Every structure is written in structure tokens, then in C-alpha cells.
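Residue numbers (numbering that gives the first Met the number 0), protein chains in the order written: chain A, 0 to 293; chain B, 0 to 251.
Note that beta-carbon positions come from the ideal geometry of N, C-alpha and C, so glycine has one too.
All of these numbers come straight from a predicted model, not from anything done at the bench.
These notes are about the structure you will find just below.
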Amino acid sequence: MNSKKQNKIAIGALYGIAGLVVLILLALLGYILASGLPQLSWHFLTAPAKAFLKGGGVGVQLFNSFYLLILAMAISFPIALGAAIYLYEYARDNWVTTTIRTAIEILSSLPSVVVGLFGFLFFVVKLRLGFSILSGAFALTFFNLPLLTRSIEDSLRTIDLEQREGGLALGLSRWETITRVILPATVPSILTGVILSAGRVFGEAAALIYTAGQSAPALNFADWNPFNISSPLNPMRPAETLAVHIWKINSEGIMPDAKAISSGSSAVLIIAILLFNFAARYVGKRLYKRLTSA
Amino acid sequence: MSEEILTTQDLHLYYGEKEALKGINLNFDAKGITALIGPSGCGKSTYLRTLNRMNDLIPNVTITGTIKFKGENLYAPNADTVEIRKEIGMVFQQPNPFPFSIYDNVIYGLRIAGEKDKEKLDAVVEKSLRQAAVWDEVKDHLHESALALSGGQQQRVCIARVLAVSPEIILLDEPTSALDPVSSSQIEATLLNLRHDYTIIIVTHNLQQASRIADRTAFFMNGELVEVDQTKNIFMNPAKKQTEDYISGRFG
Ligand SMILES: Nc1ncnc2c1ncn2[C@@H]1O[C@H](COP(=O)(O)OP(=O)(O)OP(=O)(O)O)[C@@H](O)[C@H]1O
Ligand SMILES: [Mg+2]
């Protein structure tokens, strides 16, 4: 067989495999959207869930998902940023940094159920936070931190050494070089990483089942005092998220329209994550343009 | 006789075990251009980078000997590298503008140092870009990205960026080797303009370039300074055989 033929066969096989993957993805997406989209309505997106009757919505769950996401990001982003800057810009290669890197590596491959159970034992039980948004946010932080740290470190890595030397050679301190030259140049790619990890966090269920809990008490959307128990902002209330809701309906849902609600919720989840991904691209590109041509 | 602004005495530098500079004694008078020439790997860049402590970034570097800038030891324990680099700026082989506008590139050092006065910043931008002989080419798009410029223009913007912090000494490590001949000669013209006001030390592989622009030339080989003299003496009448061999292209 000559090499030209081999080449053709190889390329054909690769196309075939790639096509198959795309097909599977499209089929999944198509199925979820086709069965879920008809369920969507303003009522579905805003109404609270009903346990035994039909006609419940996912308003509370949707709100919980976003609130948890924001809290988890607010906790994990500064830590991840600091860790990534330290690891990439300051730390020399020695056993301490090797240990930290290995730890991050291991943490990032930890199954999220394990993170959830750890969160349950530590935050819910030991620290007495109970099933609450806060416990959930901490668990998500554990889940998110390694991924985010690595993605920020990768962003820093894309900036040439010459840029750093250029800053230093102007008489900027190390810190000024990082915060005023390197970080602005990496904002778009850091942001992309943040939004993509937001998608993962948004769809996470296993880490939340035993931390944020599986119940979604009705919220009073007129009460924004975080200390009131029915306030949406109260971080100590249990908060079932959309992903947990899907899991729960499918395993033990007893409302008559469980199937429809599960399909609708899945569609909402998928659409939200797709939006995150498109937003990541769009915002990243726009920001890069803005920053590089002031 | 003008005063010596920068002096190096018995300078040794080790990368780990490897001795890259083997006792350099070399002094620089204020103002004028000194070229550092020599075969690849002889330590020119290494030497240049000791002069503004750029080698601090590299792990496992050991330096012995003394470098004094205006009588102050650059490697004294209490020496402030940030201040040193404001006085001794550096331009690199690859043009490395920041991914910001031309204007922002030039004033970056000043702005971070806290200068806010818009008029003053505007004036500095114009002055520095003029000094770097790139003003006419960029004056109409100061607020566009510096990355959109040609390599030669980028390099001159980088020179302007260094000038804007008003250093006394400018170090250049093969600033034209990544550029086309036209851009190179523009950079050379720029440097000739600056030689009356700044002390310029330039590493170059281009012997013609050294002979065209340098007042003095230093020849390095294998981590040692072989000889340093007026440029025309080095090229017409070198004292050492090694220099003559190198100049006449017998090696390196
Ligand atoms: N970071 C480093 N770690 C270890 N050795 C190095 C490092 N940088 C340079 N060297 C070595 O030190 C010696 C001098 O290098 P240097 O870069 O100063 O040479 P140069 O004269 O600038 O060469 P060129 O003309 O190719 O730029 C070389 O043998 C080089 O391999
Ligand atoms: Mg070099």
C-alpha cells in the first residue's frame, strides 16, 4: 500500500470518528431540546416546584443555581487567581511547589461525589453550616478551585517572558509588572476560563446533593434581607439547584408531570450552559480587542 | 575626559557551575555608544544583563565582583532593582511592545510611577517618540494597538518607552537582528541621535553596525573581555590577535 493511500485511509477514519462524535453530541442535544423546549414557559421558569401536584416550575431552583454559582465564584476566583499568580510568577520549582501542583492535580481529578461527601462531613456536620447555600458554595469551591487555578496558570503561561522583562526593564516592580502588564493582557483568556468553569459549576449535581441540600423552600422575592429565612439571599437556607432537581425528579419524583419537568429542566440547564460558552467566546474576543487597541 | 558612569570590576557570573563571565573589567564614560561584539555564546548578553540586574530573574545565577553606577554598588544588599532599572533601561532583541495602544506603551512606566497630568503625559509621548524617530509614522494613530505596527516601528516604540522614563543608560541586546535592513538603519539613526544625551551600550552581531555607530567597541570571547578601544582602533588596528582574527572573519 503506498503512502498516499494510507494517508487517505487515515484521514477518512479520522473524519469518521470526528463525525461520529459530533453526531452523538447533536443527537443528545437535539433529544434534550426537542423534549424539553415544549415544556418551557414563563410560568415554568418562575413558578416554585410542586411536590405532589402537576404544574410546578423551577423558578426557585433556577435562582438557587445562579446564586450558588455567584457565591462559589466569588469565593474561588480570588483564591485561584492568587494561587495561580504565586505558582506561575513567583514560586521557584522546589518540593513545596511540586507538592502544591500535585495536590491541585489530584483535587481536580477527584470525583465530585467525593467532594460532596467531604463537604457534607466537614461543612454541613462539623462546621454546623447545615444543608445551606454556604455549604454548597464551599463544596463547589473545592470542586472549582483546581480547575480554575490551572486555567489561570495556563493563561499566564501564554504571555511571553519578553513581556515580563519589558515591564521590569522599565523600572516596574515584579508586582506592578504582573498586575499592570501581564494581567490586563490575560484578562480575556482568564475570563474565558472563568465562564467555562461557571458552566461546569452550573451543571454540577453530585457535589451539591449533600451540601446545599435537596429541598427548595419557597422564597419571598420581595424580601432581600439576607438574614430573613425566606429571603432569596439568605446563605443559610437549603437550596436545591436545577441540576440537583433533575437528579431528584428522576430518582424519586412523584409529581404526575415528573417526566415533563425533568425534560424542561434539562433543556434550561443545557441552554444556560450553551449561553455561558457563547458568552465566553464573545466577551473574550471583545475584551481582547478593547484592551489591545485602547 | 568625562566621568565614568558605570564601572565593572572583576565580574564573574556562573550559571550553576558554569562560568559564563570570567572576570570582566570594563568601564563606561557618560554619553556615547559602546558596542559589545564577539562570537555567539561568548557572554555579551549575559554581561549586558548584569548591568541592570536582569539576570536576577534566572535561578541559580551567582555573581561576584563589583558593578558601580555613579559610584553606587548595583549589587549592594540594599540596592533597589526597581530604581536601578529606571536609571538603566533595556531594549531587547525581539520587539516586545505591550498589547496596548502606542500611547499607553510609551507612558506606561510614568503612569505607573503615578504621573496623572494629561498634558505632561502627552508631552512625554511626543518627545519620546520624536527622540526614537518614529513620531511621524505613528502620530496619527497613537491610540491604536502597538501590535499593529511593523517590527521596526515596534522596536522604536520600545525605545521610546524606555526613553520616557528618562534613564541615564540604555542597554540594547541585538535590537536590529530581528529587523529588515531599512528598519535597522532607522534604528541606527535613532541611536546616533541619542548618543549625545545617553550612555548607550549595544550588543551586536553586525560588525558594520558597530563600526557605523559605536564610539567605542569591546570584543568578548569565551566569557572574557579581550580588548576595548575606540571603534576605529578595534577595526583598523586591533591590539590582540584574536580581535583581528574575529574582525577579519576568520572565526565566529
Ligand atoms: N539561562 C542560562 N542558563 C545557563 N546557561 C546560560 C544561560 N544563558 C546563557 N547561558 C550560557 O552562557 C554563555 C553565554 O551566553 P550569552 O547568551 O551571554 O552569549 P551571547 O554572547 O549573548 O551569545 P549570542 O551572540 O548567541 O546572543 C553561553 O555558553 C550560554 O550557553
Ligand atoms: Mg545574546
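Does the distance between the C-beta of Tyr281(A) and the nearest non-hydrogen atom of ligand 1 fall short of 7 Å?
In the first sequence, the residue the question calls residue 281(A) occupies position 282. Relative to ligand 1, the beta carbon of Tyr281(A) is positioned no closer than 7 Å to any heavy atom.
Give me, in chain order, the residues of the same chain whose beta-carbon lies closer than 6 Å to that of Ile270(A); leave out the 5 immediate sequence neighbours on both sides.
Along the first sequence, read from residue 1 onward, the residue named residue 270(A) stands at position 271. There are no such residues.
Neighbour flag for Ser188(A) against chain B, beta carbons, 8 Å
Walking along the first sequence from the start, residue 188(A) turns up at place 189. Taking Cβ atoms only, chain B never reaches closer than 8 Å to Ser188(A), which makes this a no.
Please indicate yes or no: does the CB of Ile106(B) lie closer than 7 Å to some heavy atom of ligand 1?
Position 107 of the second sequence, counted from the first residue, corresponds to residue 106(B). Not under cutoff, so the answer is no.
With distances taken between CB atoms, is the gap from Asn26(B) to Glu3(B) smaller than 8 Å?
For the purposes of this step, residue 26(B) is taken as residue 27 along the second sequence, with counting starting at 1. For the purposes of this step, residue 3(B) is taken as residue 4 along the second sequence, with counting starting at 1. Taking 8 Å as the Cβ cut-off, Asn26(B) and Glu3(B) qualify as a contacting pair.
Taking the Cβ atom as the reference point for each residue, do Ile31(A) and Ala197(A) lie within a distance shorter than 8 Å?
For this step, residue 31(A) is matched to residue 32 along the first sequence. For this step, residue 197(A) is matched to residue 198 along the first sequence. Remark: C-beta atoms of Ile31(A) and Ala197(A) do not approach each other more closely than 8 Å.
Whole angstroms are fine: how far does the CA of Ile16(A) sit from the CA of Leu70(A)?
Here residue 70(A) refers to the residue found at position 71 of the first sequence. Here residue 16(A) refers to the residue found at position 17 of the first sequence. So the alpha carbons of these two residues sit roughly 40 Å apart.
Are the C-beta atoms of Pro76(B) and some chain A residue less than 8 Å apart?
The count along the second sequence starts at 1 and reaches residue 76(B) at position 77. No, because no Cβ of chain A sits closer than 8 Å to the Cβ of Pro76(B).
Looking at the structure shown, is Ala3(B) part of a helix, part of a strand, or coil, going by DSSP?
Taking the first residue of the second sequence as position 1, residue 3(B) is located at position 4. Correcting the residue identity first, residue 3(B) is Glu in this sequence and not Ala. Looking at Glu3(B) - three-state DSSP - the assignment turns out to be strand.
Beta-carbon neighbours of Gly88(B), restricted to chain A and to distances below 9 Å
The residue labelled residue 88(B) in the question sits at position 89 within the second sequence. Within 9 Å of the CB of Gly88(B), the CB atoms of chain A belong to Ala168, Leu169 and Gly170, in sequence order along the chain.
Going by the CB atoms, is the gap between Val113(A) and Tyr209(A) shorter than 8 Å?
For the purposes of this step, residue 209(A) is taken as the residue at position 210 of the first sequence. For the purposes of this step, residue 113(A) is taken as the residue at position 114 of the first sequence. No.
Quick one, what's near ligand 1 if you take every residue whose CB is closer than 5 Å to any heavy atom, in chain order?
Answer in sequence order: Tyr14(B), Ala19(B), Ser39(B), Gly40(B), Cys41(B), Gly42(B), Lys43(B), Ser44(B), Thr45(B) and Ile57(B).
By the criterion of Cβ-Cβ separation under 8 Å, what are the contact partners of Arg91(A) in chain B?
For the purposes of this step, residue 91(A) is taken as residue 92 along the first sequence, with counting starting at 1. Under the 8 Å cutoff, chain B gives Pro58.
Supposed close pair Ala204(A), Ala242(A) - CB separation, criterion 8 Å:
On the first sequence, position 205 is the one that residue 204(A) refers to. On the first sequence, position 243 is the one that residue 242(A) refers to. That pair is a contact at about 4 Å.
To which residues of the same chain is Gln38(A) closer than 8 Å at the C-beta, ignoring the five residues directly before and after it?
Residue mapping note: residue 38(A) aligns to position 39 of the first sequence, counting from 1. Same-chain partners within the cutoff: Ala259, Ile260, Ser262, Gly263 and Ala266.
Classify Leu73(B): buried if its beta carbon has 16 or more other beta carbons within 10 angstroms, exposed otherwise.
Taking the first residue of the second sequence as 1, we reach residue 73(B) at position 74. Answer is buried; the Cβ neighbour count reaches 16.
Would you say Val164(B) faces chain A, with C-beta separation under 8 Å as the test?
Stepping through the second sequence from its first residue, residue 164(B) is reached at position 165. Chain A places a beta carbon closer than 8 Å to that of Val164(B), counting this residue as a contact.
Would you say Val202(B) touches ligand 3, meaning its beta carbon is less than 7 Å from a heavy atom?
Among the ligands present in this structure, namely ligand 1 and ligand 2, ligand 3 is not found.
is_contact[Lys85(B), chain A] using C-beta, thresh 8 Å
Start at 1 with the first residue of the second sequence, and residue 85(B) comes out as number 86. Lys85(B) counts as touching chain A.
Closer than 7 Å, Cβ to Cβ, to anything on chain A: give me those residues from the region 91-112 of chain B, in chain order.
Closer than 7 Å at the C-beta level to chain A, one finds these residues of the region 91-112 of chain B: Phe91, Gln93, Asn95, Phe97, Pro98, Phe99, Ser100, Asp103, Tyr107, Gly108 and Ile111.
Quick check: what's the CA-CA separation for Glu88(A) versus Ile177(A)?
For the purposes of this step, residue 88(A) is taken as residue 89 along the first sequence, with counting starting at 1. For the purposes of this step, residue 177(A) is taken as residue 178 along the first sequence, with counting starting at 1. Cα-Cα distance, rounded: 8 Å.
Cβ of Asp159(A) versus every heavy atom of ligand 2: is any distance shorter than 7 Å?
Looking up residue 159(A) in the first sequence gives position 160. Answer for Asp159(A): no, Cβ out of range of ligand 2.
Short check: CB of Pro47(A) to CB of Ala257(A), under 8 Å?
Here residue 47(A) refers to the residue found at position 48 when the first sequence is read from its first residue. Here residue 257(A) refers to the residue found at position 258 when the first sequence is read from its first residue. It is not a contact, given that the beta carbons lie outside the stated cut-off.
Pull up the distance between the alpha-carbon of Val137(B) and that of Phe97(B), whole angstroms please.
Taking the second sequence and counting its residues from 1, the one referred to as residue 137(B) is at position 138. Taking the second sequence and counting its residues from 1, the one referred to as residue 97(B) is at position 98. Cα to Cα, the separation comes out at about 16 Å.
Does chain B have any CB closer than 8 Å to the CB of Ala293(A)?
Counting from one through the first sequence, the residue named residue 293(A) turns up at place 294. Interpretation of Ala293(A) is limited by its pLDDT of 46, a score under 50 that renders its predicted location unreliable; the figure taken from the coordinates is listed afterwards. Interface residue, yes.
Neighbour list for Gly29(A) in chain B, Cβ cutoff strictly below 9 Å:
Counted from its first residue, the first sequence places residue 29(A) at position 30. Around Gly29(A), no beta-carbon contact reaches into chain B at under 9 Å, the shortest distance being about 40 Å.
Measuring alpha carbon to alpha carbon, tell me which of Ile253(A), Gly252(A), Glu251(A) and Ala215(A) ends up nearest Thr240(A).
Sequence index remark: in the first sequence, residue 240(A) carries index 241 (1-based). Nearest C-alpha to Thr240(A): Ala215(A).
Decide if Asn59(B) is buried, meaning its Cβ has at least 16 other Cβ atoms within 10 Å, or exposed.
Looking up residue 59(B) in the second sequence gives position 60. Answer is exposed; the Cβ neighbour count stays below 16.
Would you mind telling me which residues of chain B sit closer than 8 Å to Val180(A), beta carbon to beta carbon, in chain order?
Reading the first sequence from its first residue, position 181 is the one you call residue 180(A). Per Cβ cutoff of 8 Å: Phe97 and Tyr107.
Whole angstroms are fine: how far does the CA of Ile169(B) sit from the CA of Gln229(B)?
Position 230 of the second sequence, counting from 1, holds the residue named residue 229(B). Position 170 of the second sequence, counting from 1, holds the residue named residue 169(B). Those two C-alpha atoms are separated by around 19 Å.
Secondary structure, beta strand (DSSP E): runs of 3+ residues fully inside the region 159-210 of chain B:
Secondary structure in the region 159-210 of chain B: the beta strand (DSSP E) runs of 3 residues or longer, each lying completely within the stretch, are 168-172 and 198-202 in chain order.
What is the DSSP secondary structure of Gly252(A), reduced to helix, strand or coil?
Locating residue 252(A) in the first sequence gives position 253, where the first residue counts as 1. In this structure, Gly252(A) counts as coil in the three-state DSSP scheme.
N- and C-terminal bounds of the alpha helix (DSSP H) containing Lys240(B):
Position 241 of the second sequence, counting from 1, holds the residue named residue 240(B). Per DSSP, the continuous alpha helix (DSSP H) segment holding Lys240(B) begins and ends at Lys240 to Ile246.
Need the endpoints of the alpha helix (DSSP H) that Glu114(B) sits in, please.
For the purposes of this step, residue 114(B) is identified with residue 115 of the second sequence, where counting begins at 1. Run containing Glu114(B): none; DSSP gives neither H nor E here.
Minimum length 3: unbroken beta strand (DSSP E) runs contained in the region 210-283 of chain A
None, since the region 210-283 of chain A contains no complete beta strand (DSSP E) of that length.
Whole alpha helix (DSSP H) runs in the region 64-141 of chain A with 4 or more residues, listed along the chain?
With a minimum length of 4 residues, the continuous alpha helix (DSSP H) runs that stay inside the region 64-141 of chain A are 94-107 and 111-118.
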